[in-house]
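Undergrad:
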Amino acid sequence: MENSQPAADAPARLRFLGAADTVTGSRYLVTVGDQHVLVDCGLFQGFKVLRDRNRAPFPVPPHTIDAVVESHAHLDHSGYLPALVRDGFRGRIHATEGTAELCRILLPDSAHLLEEEARYAAKGRWSKHPRPEPLYRPEDASVALEHFHPSEFGVRTRVAEGVEMELVPAGHILGAAQVRLHFRGRTIHFTGDIGRPDDPLMRPPAALAAADVLVTESTYGDRRHDPESPERALGEIVRRVAARGGVVLIPAFAVGRTETVLLHLSRLHDRGAIPTLPIFVNSPMAVSAVDVYRRHPSEHRLGPEELERMYRLPNLVTTVDDSKMLNLRGGPMVIISASGMLAGGRILHHVAAYGSDRANAIVLTGFQAGGTRGAALARGARELRIFGRDIPIRAEVHNLDSMSAHADADDLVEWMKSAPSPPGAVYVTHGEPTAADTLRARISHELGWPARVPEHLETVVIR
76 MENSQPAADA
86 PARLRFLGAA
96 DTVTGSRYLV
106 TVGDQHVLVD
116 CGLFQGFKVL
126 RDRNRAPFPV
136 PPHTIDAVVE
146 SHAHLDHSGY
156 LPALVRDGFR
166 GRIHATEGTA
176 ELCRILLPDS
186 AHLLEEEARY
196 AAKGRWSKHP
206 RPEPLYRPED
216 ASVALEHFHP
226 SEFGVRTRVA
236 EGVEMELVPA
246 GHILGAAQVR
256 LHFRGRTIHF
266 TGDIGRPDDP
276 LMRPPAALAA
286 ADVLVTESTY
296 GDRRHDPESP
306 ERALGEIVRR
316 VAARGGVVLI
326 PAFAVGRTET
336 VLLHLSRLHD
346 RGAIPTLPIF
356 VNSPMAVSAV
366 DVYRRHPSEH
376 RLGPEELERM
386 YRLPNLVTTV
396 DDSKMLNLRG
406 GPMVIISASG
416 MLAGGRILHH
426 VAAYGSDRAN
436 AIVLTGFQAG
446 GTRGAALARG
456 ARELRIFGRD
466 IPIRAEVHNL
476 DSMSAHADAD
486 DLVEWMKSAP
496 SPPGAVYVTH
506 GEPTAADTLR
516 ARISHELGWP
526 ARVPEHLETV
536 VIR
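Per this note's numbering, residue 76 is the first one in the sequence shown, and the count goes up by one each step.
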């Protein structure tokens with residue numbers, strides 16, 4: 076037998092079910108005795124070989140998982156939850172109130188988009204499957220939301236027999252948390268996605284407390300953010316494109332990035348740094364997120380007056396018909412729409428309509444995972460495959476990754492230095508291979524901490 080020890084006496088283990096060789100699909104399984112706690116339950120995005128993992132059976136039977144702890148609401152951390160619940164998970168999903176509220180917006184919308192993509196694929200016959208089926212449906216998302224159990228920051232909560240969790244602020248987006256699991260006198264600290272110390276919208280992440288094991292993200296582990304002000308760069312693009320009557324397309328995640336883009340645009344507008352022109356937010360999710368920001372003022376830097384002024388600036392588009400009308404309207408105008416990596420959503424229709432015109436511009440506003448259309452554009456691609464058609468891209472393309480809500484490599488190393496004592500082991504995850512390995516080397520050389528990049532589905536013993 077592989078392990079003859081009774082479950083109660085067996086060493087605790089950590090298994091990397093996702094984000095171990097990619098920047099998406101965050102899923103970490105912690106096993107303590109016969110208790111199994113899953114930290115994050117995200118979708119894989121980008122390259123097809125990664126997306127295919129979403130269709131494979133979950134690496135462990137969902138009914139054997141006792142609890143899920145969610146770091147935040149972005150789909151690469153939460154987007155598989157509807158499938159997990161549909162396939163047998165029956166426990167609680169623990170998260171901050173902000174994350175629970177945003178998941179009530181994001182998960183049904185994700186299900187709707189998956190259904191819509193399946194319909195387009197069937198109608199256009201560009202799928203290899205005779206009857207394309209969505210990964211999950213809106214009713215699956217609704218059932219998953221019934222399992223959420225909101226918790227407060229800084230409160231230790233029992234999530235399984237002998238396992239307690241603690242959620243501490245991560246910055247990044249509303250509700251985002253670092254996850255600390257306590258058991259048998261040991262602590263594993265999961266960063267989730269760490270925000271920036273100087274983010275214009277969100278407050279900085281809490282300092283790193285003592286932990287036996289650190290599992291850190293490495294999205295920007297091999298680079299520093301451009302020191303140029305993203306607000307200034309965005310203003311220059313809008314002025315130039317508006318002067319020639321063009322359209323500025325801004326792919327942006329509906330929660331987090333859209334608010335940051337709006338904040339910059341509203342400040343530019345108030346200073347007279349951009350002309351008065353129509354600005355559209357074409358995302359029902361972004362519209363719904365307004366009230367969440369109002370209910371959680373302590374998590375972000377905006378006062379109520381600036382928050383209200385920011386949302387008065389754009390025209391908020393909710394209906395499909397109004398979305399279609401934008402493609403007939405023409406410029407000058409600005410359209411902000413999801414998804415931020417051009418992986419799906421309404422922004423694809425706008426790129427199909429306006430991307431081939433040299434008068435227009437496409438502004439990428441954050442990390443673009445390998446295998447996505449956004450990553451292809453950032454690398455210089457001048458043609459995108461959208462809804463089974465090859466769309467020529469003649470519009471200007473700009474990549475303002477300085478607008479990212481992720482800490483860069485320097486930020487991550489400085490944040491780690493706040494720890495009162497070094498962890499016994501550091502696992503570098505949630506990054507492209509080069510980014511993860513570069514950050515691993517910096518942690519080893521600059522901090523002297525034992526660090527390594529785990530492999531997909533690898534299991535390690537917690538000592």
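Idealized CB from N, CA, C, for every residue including glycine. Keep in mind that this is a model prediction, so the values were computed, not measured.
According to the neighbour-count rule (16 or more other Cβ atoms, all chains shown, within 10 Å of its Cβ), is Asp397 buried or exposed?
TA: Classification for Asp397: exposed.
Undergrad: Would Arg469 and Tyr502 be called neighbours here (beta carbons separated by less than 8 angstroms)?
TA: No.
Undergrad: Apart from the five residues on each side of it in sequence, which residues of its chain come closer than 7 angstroms, Cβ to Cβ, to Val243?
TA: For Val243, where only same-chain residues beyond five positions count, the Cβ hits under 7 angstroms are Phe228, Gly229, Ala252, Gln253, Arg255 and Ala281.
Undergrad: Using 8 angstroms for Cβ pairs, my map puts Val313 next to Ala327. What's the rounded Cβ distance?
TA: That pair is no contact at about 14 angstroms.
Undergrad: Going by C-alpha to C-alpha distance, which of Ser153, Leu92 and Ile248 sits closest to Ala482?
TA: Residue Ile248 is the option with its Cα nearest to Ala482.
Undergrad: Can you give me the C-alpha to C-alpha distance between Ala95 and Ala436, rounded to a whole angstrom?
TA: Distance between the alpha carbons of Ala95 and Ala436 is about 34 angstroms.
Undergrad: State the start and end residues of the unbroken alpha helix (DSSP H) segment that holds Asn129.
TA: That run of the alpha helix (DSSP H) goes Lys123 to Arg130.
Undergrad: Tell me whether Thr509 sits in a helix, a strand or coil according to DSSP, three-state version.
TA: The answer is helix: DSSP assigns Thr509 an H, G or I state.
Undergrad: Compute the Euclidean distance between the alpha carbons of Leu439 and His138, then round it to the nearest angstrom.
TA: So the alpha carbons of these two residues sit roughly 40 angstroms apart.
Undergrad: Is it right to say Ala474 is buried, meaning 16 or more other beta carbons lie within 10 angstroms of its own, or is it exposed?
TA: The displayed chain sequence assigns Asn, not Ala, to residue 474. Burial call: buried.
Undergrad: Return the bridge partner residues of His424 from the DSSP annotation.
TA: Per DSSP, none; premise fails for His424.
Undergrad: Does any CB atom of chain B fall closer than 8 angstroms to the CB of His149?
TA: Although the question refers to chain B, the structure presented lacks it and comprises just one protein chain.
Undergrad: Assign His344 to buried or exposed, taking buried as 16 or more other Cβ atoms, counted over all protein chains shown, within 10 Å of its Cβ.
TA: The residue in question, His344, is buried, as its Cβ has 16 or more Cβ neighbours within 10 Å.
Undergrad: Helix, strand or coil for His149 per DSSP?
TA: Residue state, collapsed to three classes: coil.
Undergrad: Rank Ile180, Val112 and Pro86 by C-alpha distance to the C-alpha of Gly331 and give the top, closest one.
TA: Residue Ile180 is the option with its Cα nearest to Gly331.
Undergrad: Rounded C-beta distance between Glu190 and Pro225? I'm assuming under 8 angstroms.
TA: Contact doesn't hold; Cβ gap of about 27 angstroms is too wide.
Undergrad: Going by C-alpha to C-alpha distance, which of His149, Arg448 and His531 sits closest to Pro58?
TA: Outside the shown range of the chain, which is 76 to 538, sits residue 58, and nothing can be said about it.
Undergrad: I'd like to know if the segment 450-459 and the segment 484-496 are in contact, where contact means that at least 3 CB-CB pairs between them fall below 8 angstroms.
TA: No, they do not touch.
Undergrad: Tell me the DSSP secondary structure of Arg460 in three-state form.
TA: Three-state result, Arg460: strand.
Undergrad: Would a C-beta distance cut-off of 8 angstroms place Thr294 and Thr266 closer than the cut-off?
TA: Not in contact: Thr294 and Thr266 (Cβ atoms no closer than 8 angstroms).
Undergrad: For His300, count the other beta carbons within 10 Å of its own beta carbon; 16 or more makes it buried, fewer makes it exposed. Which is it?
TA: It counts as buried.
Undergrad: Looking at the unbroken beta strand (DSSP E) that takes in Met478, where does it start and where does it end?
TA: That residue, Met478, is in no beta strand (DSSP E); it is neither H nor E in DSSP.
Undergrad: Measure how close the beta-carbons of Ile410 and His425 come, nearest whole angstrom, since I'm counting them as under 8 angstroms.
TA: Their Cβ separation, rounded to whole angstroms, is 5 angstroms, which keeps Ile410 and His425 in contact under 8 angstroms.
Undergrad: Could you check whether Phe133 and Leu159 sit closer than 8 angstroms to each other, using their CB atoms as the reference points?
TA: Yes, they are a contact pair.
Undergrad: How far does the beta strand (DSSP E) with Arg167 in it extend, from its first residue to its last?
TA: Looking at the DSSP string, the run of the beta strand (DSSP E) that includes Arg167 is Arg167 to Thr171.
Undergrad: Is there contact between the segment 393-408 and the segment 203-217, where contact requires at least three CB pairs shorter than 8 angstroms?
TA: No: fewer than three Cβ pairs fall under 8 angstroms.
Undergrad: For my contact list, His169 and Val143 are in at a C-beta cut-off of 8 angstroms; report their separation, rounded to the angstrom.
TA: Confirmed, Cβ separation roughly 7 angstroms.
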